[in-house]
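Undergrad: Below is a structure I'd like to ask you about.
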C-alpha cells in the first residue's frame with residue numbers, strides 16, 4: 073500500500089540471534105495448527121444498554137498463544153498492508169519473548185496511537201489481509217489488530233508512561249490545524265524532530281473524530297486522552313476553541329513565527345440526500361447525532377444538550393458511521409434501531425466486525441431500500457418515511473453492483489427520528505479563507521507526494537485531502553507530511569544560512 | 008477560559024456581557040457570531056457579536072433569558088469565566104455603499120443589527136434604523152443605534168415608547184416615503200418572515216440574519232440547515248445572512264422548536280434547582 077518494504081532492513085533484524093532462536097523454538101507446522109484467538113466480548117444484551125466497551129481485550133495467555141501463530145516470515149508482507157508501516161513481526165516477536173513493553177516501543181516507532189489503531193483500524197483489509205496465513209494457507213490471518221491493542225493497553229496499564237526519543241529542541245515553530253488522527257500524528261512526529269509544535273483545535277475538546285465521532289463502546293475516551301497526553305508530554309502545545317481561517321488566518325500565524333503548517337481539518341461537512349421533507353426536525357446527520365451524544369453528553373440527564381432519539385430510529389447508510397449511529401440509538405433506548413441500506417449485506421462498506429456486533433445487539437437491517445420522502449406531524453417533527461425497494465443491477469465504477477429502483481414498490485415506515493449517514497464532504501473553512509489554495513472538484517485540498525499543497529510550507533492530510541477515509545490512512549498521511557515538513561524547513565534553513 | 012470583564016442588564020431579561028477574547032475581537036466583522044459553552048456540562052449556543060474593542064481585546068454579547076443556558080449566562084458576573092468561546096463564525100455581512108439602507112431589528116435581534124448599522128453608516132450609506140420591542144422596557148441599544156443612524160425609529164407593540172405598532176408597519180411607512188436600496192432584518196423568525204414579505208411587495212433586496220440551533224458552528228453537523236430558494240444551506244458556514252425573500256421561515260420556525268419539550272423539561276429542572284439553592 074503506502075510504504076515500500078525495506079527488505080534488507082527487515083531481513084537484518086529478523087536475523088538477530090534472539091529472533092532466530094525464538095523462531096526455531098516452535099515448528100512452523102505447529103504454529104500454523106493453532107487456531108486464531110477469539111476476542112472476548114461483552115454480552116450483547118448487557119452492552120446494548122450501556123457504554124461498556126464491546127471488545128474486552130485479550131488476556132496475556134491469549135495474546136502469547138496468538139503470538140505463536142506469527143511465522144516471522146522472511147518477507148513480512150503484513151507490513152506492506154499497514155499505512156504507517158508498523159514493524160509487525162518485530163512487535164509480535166517481542167511479545168512472544170515476553171517483553172511486552174519492548175513490543176510497545178516497537179509499535180510507538182511508527183505509530184503514536186497504537187491503542188486507538190488496535191481498536192478502530194480495518195486490519196482485515198490491511199495488515200491481516202496481507203498475512204501469509206491468508207495469502208498462502210487460506211487460513212485466518214494472525215490477529216495483528218488484537219495483539220496491537222493488547223500490547224498498547226498492557227503498556228498503558230503496566231509501563232511507565234514513556235515518550236519516544238526526542239531531538240534537541242530547535243525552536244522552529246510549526247502549526248497543526250486539527251487534533252484528529254492526522255493532526256496528532258504530525259504533531260508527535262514533528263516533536264520527535266525537535267520542533268516547537270502547536271495544535272489548533274476548533275472544538276472545545278481534543279481528538280477530532282476520535283472524540284465526537286467514534287462512540288465510547290468502541291473507543292473509550294480515556295484511551296484517546298491518554299494518547300493525547302503522551303503527545304503533550306513530548307512538548308506539543310494544544311489550543312482549543314481556535315479555528316484557523318476564522319479566529320486567526322494562516323497569515324496571522326506566520327506573523328507569530330510559525331514557519332510551516334499542516335491542515336488536518338477533516339471531512340466535516342455531512343452529506344444529505346436532498347429528498348422532500350429531509351429538513352423536518354428529528355432528522356439529523358450522523359455527525360450531529362454522534363456529536364450530541366459523544367461530545368456533548370446528549371441523552372445524559374446531567375448535561376444540557378438535547379438529542380433526538382425515540383422508539384423507532386432509522387439510520388440511512390451502511391458504513392462504519394451508520395453502524396456507530398444505529399448502535400448508539402439502540403443504547404439510548406430505541407426499540408427498533410434500523411439500518412436502511414440500498415445494497416445488500418455483501419456490499420456494505422462497514423467493517424465485518426461492526427456488522428456482526430450490530431446484529432448481535434438486535435439491530436434490524438432493511439437492505440435494498442432507500443428513503444424517498446419524509447412526513448411530519450403538525451409541529452414539523454418527522455413521524456413517517458416513504459421507502460422505495462431496490463434490486464442490484466450491473467456493477468458501477470466502484471465495481472459494486474448498482475442499486476436499481478423497483479417501480480411501484482414504495483411503502484411507509486413509522487419513525488421517531490432519522491439519522492443520515494451517507495458520507496461527508498471536506499470542511500470548507502480553510503479553503504474559504506484562502507482562495508489561492510488549489511482544491512479539487514470535490515473541494516478536497518490538492519497535495520503533492522510530500523503532502524504539500526499548492527502553497528509552499530502549507531501541507532495537508534487526512535480527510536481534508538481524501539474526502540472521507542479511515543483513521544489509519546489519516547495517520548499515514550501525517551507521517552508522510554511530517555517528513556515533508558521536516559525536509560521543507562531544513563532546506564529553507566540551509567537556504568538562509 | 009474566557010473572562011467576563013463587564014456585565015449589565017439592558018432590560019429585565021436582556022444582559023450585555025463584555026468578554027475577553029483578543030483574537031476574536033481582532034478578526035470579527037459585522038455579521039459574525041461566536042459559539043460558547045458555559046461549563047463542562049453545558050450546551051454549545053451561538054450568539055452574535057454585537058460589538059468589539061480591538062485594543063482592549065474584548066467582544067460584547069447580548070443575551071436574552073429564554074432557556075437554561077441563557078439564564079446561566081445572565082446570572083454570571085464580571086470576573087467570572089466562560090469555559091469555551093469560539094469564533095468569529097459565519098460569513099461577514101457584505102458591506103458596500105448602496106445608497107439608502109433600511110435596518111430593522113426586533114427584540115434582541117437589535118443586538119446583532121448594531122454592528123451592521125455601524126458598518127453600513129461608515130461605508131457611506133444613508134441608514135434608517137427601526138428598532139422594535141414589545142414594550143419600552145425591552146427597547147435596547149437606542150443611543151448606540153442613534154449614533155450611527157441618519158434616522159432612528161423606535162416602535163413598541165403597546166405604544167409605551169416611540170410609535171405604537173409592528174415593525175412591518177414602520178418599514179412600510181419608510182418604504183412609501185423614500186427609495187430604499189437595501190433592507191436588513193434581524194429578529195425573531197416570525198418577525199423576519201413578515202418583514203421579508205413587506206419588502207418583497209416593493210421588490211427591495213433584503214437580507215435576514217438567521218439564528219438557528221447549532222452545535223459545532225463549523226459546518227460539521229448540519230443542525231442549522233435551512234432551505235433557501237429550495238436549496239439546503241448551513242447557517243453556520245453559508246450564512247448567517249441570506250436573501251430574506253428566499254428563506255423558508257416556516258421550516259426554520261419548526262426546526263427552532265425541535266427540542267422544545269426537552270428544553271422546557273431542562274428549564275423547569277433548572278428553575279427548581281435555583282429555588283432549592285435560594286431556600287437553603
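Chains as they are written, first to last, in the working numbering: chain A, 73 to 569; chain B, 8 to 287. From the three backbone atoms N, C-alpha and C, an ideal C-beta is built for every residue, glycine too. No experiment lies behind these values; they were computed from the predicted model shown.
Using three-state DSSP, classify residue 551 of chain A as helix, strand or coil.
TA: Correct three-state label for residue 551 of chain A: helix.
Undergrad: Which word fits residue 271 of chain B, buried or exposed, when buried means at least 16 other C-beta atoms lie within 10 angstroms of its C-beta?
TA: Looking at its Cβ environment, which holds fewer than 16 other Cβ atoms inside 10 Å, residue 271 of chain B is exposed.
Undergrad: Verify whether the separation of the beta carbon atoms of residue 411 of chain A and residue 444 of chain A is less than 8 Å.
TA: Not closer than 8 Å, so no.
Undergrad: What does the alpha-carbon distance come out to for the pair residue 100 of chain B and residue 288 of chain A?
TA: Computed Cα separation, rounded: 40 Å.
Undergrad: In the DSSP assignment, the alpha helix (DSSP H) including residue 256 of chain B goes from what residue to what residue?
TA: From DSSP, the alpha helix (DSSP H) with residue 256 of chain B extends over 256–263.
Undergrad: Tell me, please, whether the region 286–300 of chain A touches the region 334–348 of chain A by the rule of three or more beta-carbon pairs shorter than 8 Å.
TA: Verdict: no, contact absent.
Undergrad: Taking Cβ to Cβ, would you say residue 219 of chain A is nearer than 8 Å to residue 169 of chain A?
TA: For residue 219 of chain A and residue 169 of chain A, no; Cβs fall outside 8 Å.
Undergrad: For residue 225 of chain B, return the contacting residues in chain A, with the cut-off set at a CB-CB distance below 7 Å.
TA: By Cβ distance, chain A contributes 274, 315, 340, 499 and 501.
Undergrad: Along the region 261–273 of chain B, where does the CB come closer than 7 Å to a CB of chain A? Name the residues.
TA: Residues passing the 7 Å Cβ filter: 261, 262, 264, 265, 266, 269, 270 and 273.
Undergrad: I need the straight-line Cα distance from residue 17 of chain B to residue 23 of chain B, nearest angstrom please.
TA: In a straight line, the C-alpha of residue 17 of chain B is about 7 Å away from that of residue 23 of chain B.
Undergrad: Three-state secondary structure (DSSP) at residue 293 of chain A?
TA: Looking at residue 293 of chain A - three-state DSSP - the assignment turns out to be helix.
Undergrad: Would a check of beta-carbon distances place residue 34 of chain B closer than 8 Å to chain A?
TA: Interface residue, yes.
Undergrad: Roughly how many angstroms lie between the CA atoms of residue 297 of chain A and residue 10 of chain B, to the nearest whole one?
TA: Cα-Cα distance, rounded: 26 Å.
Undergrad: To which residues of the same chain is residue 50 of chain B closer than 6 Å at the C-beta, ignoring the five residues directly before and after it?
TA: The answer, listed in chain order, is 76.
Undergrad: Is residue 278 of chain B helix, strand or coil by DSSP?
TA: Looking at residue 278 of chain B - three-state DSSP - the assignment turns out to be helix.
Undergrad: By the three-class DSSP mapping on this structure, what secondary structure does residue 466 of chain A have?
TA: Residue 466 of chain A falls in the strand class under three-state DSSP.
Undergrad: Using alpha carbons as the reference points, say which of A:271, A:91, A:299 and A:124 lies closest to residue 189 of chain A.
TA: Of the candidates A:271, A:91, A:299 and A:124, the one whose C-alpha sits nearest the C-alpha of residue 189 of chain A is A:299.
Undergrad: Grab me the residues of residue 490 of chain A's own chain with a C-beta within less than 8 Å of its C-beta, minus the 5 sequence neighbours each way, in chain order.
TA: Only 354, 355, 356, 385, 386, 387, 388, 443, 446, 454 and 457 meet the Cβ criterion.
Undergrad: Give the straight-line distance between the Cα atoms of residue 74 of chain A and residue 546 of chain A, rounded to the nearest whole angstrom.
TA: Confidence at residue 74 of chain A is low in this model, with a pLDDT of 41, below 50, so its placement is unreliable and the value that follows should be read with caution. For residue 74 of chain A and residue 546 of chain A, the distance between alpha carbons rounds to 12 Å.
Undergrad: Once the 5 residues before and after residue 421 of chain A are set aside, which same chain residues still bring their CB inside 7 Å of it?
TA: Result list for residue 421 of chain A: 390 and 391, in chain order.
Undergrad: Measuring CB atoms only, is the region 154–169 of chain A touching the region 270–287 of chain A, in the sense that at least three cross pairs come out at less than 8 Å?
TA: No: fewer than three Cβ pairs fall under 8 Å.
Undergrad: Starting from residue 95 of chain B, find everything on chain A with Cβ-Cβ shorter than 8 Å and list it in chain order.
TA: Near residue 95 of chain B (Cβ distances below 8 Å), the residues of chain A are 318 and 319.
Undergrad: With DSSP collapsed to three states, give me the class of residue 545 of chain A.
TA: Residue 545 of chain A falls in the helix class under three-state DSSP.
Undergrad: Can you check whether the CB of residue 400 of chain A is closer than 8 Å to the CB of residue 367 of chain A?
TA: Cβ distance not < 8 Å, so residue 367 of chain A and residue 400 of chain A don't count as in contact.
Undergrad: Please tell me whether residue 239 of chain B and residue 351 of chain A are closer than 8 Å, where the distance is taken between their beta carbons.
TA: Yes, these two residues count as a Cβ contact at 8 Å.
Undergrad: Looking only at its own chain, which residues have a Cβ that is under 6 Å from the Cβ of residue 57 of chain B, when we skip the five neighbours before and after it?
TA: Within the same chain, residue 57 of chain B has close Cβ partners 67, 69, 118 and 121.
Undergrad: Can you look up residue 73 of chain A in the DSSP assignment and give me helix, strand or coil?
TA: Low per-residue confidence applies at residue 73 of chain A: pLDDT is 40, beneath 50, and the placement is therefore not dependable enough to give any value.
Undergrad: Residues of chain B with CB under 8 Å from residue 455 of chain A, in chain order?
TA: Result: empty, since nearest Cβ-Cβ is about 13 Å, beyond 8 Å.
Undergrad: How about residue 67 of chain B: is its C-beta nearer than 8 Å to some C-beta of chain A?
TA: Chain A contact via Cβ: absent.
Undergrad: Assign residue 94 of chain B to one of three DSSP states: helix, strand, or coil.
TA: It is a strand residue.
Undergrad: Just the C-alpha distance for residue 218 of chain B and residue 114 of chain B, rounded to the nearest angstrom, thanks.
TA: Approximately 13 Å between the Cα atoms of the pair.
Undergrad: Going along the chain, which residues of the region 43–72 of chain B sit with their C-beta nearer than 8 Å to a C-beta in chain A?
TA: Per Cβ criterion, the list reads 44, 48, 49, 50 and 51.
Undergrad: Using only the alpha-carbon positions, how far apart do residue 185 of chain B and residue 146 of chain B sit?
TA: Looking at the two C-alpha atoms, the distance is approximately 25 Å.
Undergrad: List the residues of chain A that residue 258 of chain B touches, going by C-beta distances under 9 Å, in chain order.
TA: Those within 9 Å of residue 258 of chain B in chain A are 351, 352 and 452.
Undergrad: Which runs of the beta strand (DSSP E) at least 3 residues long sit entirely within the region 146–173 of chain B? Give them in chain order.
TA: Counting only runs of 3 or more, we get 158–163.
Undergrad: Determine, using beta carbons only, whether residue 92 of chain B comes closer than 8 Å to chain A.
TA: So yes, residue 92 of chain B belongs to the interface.
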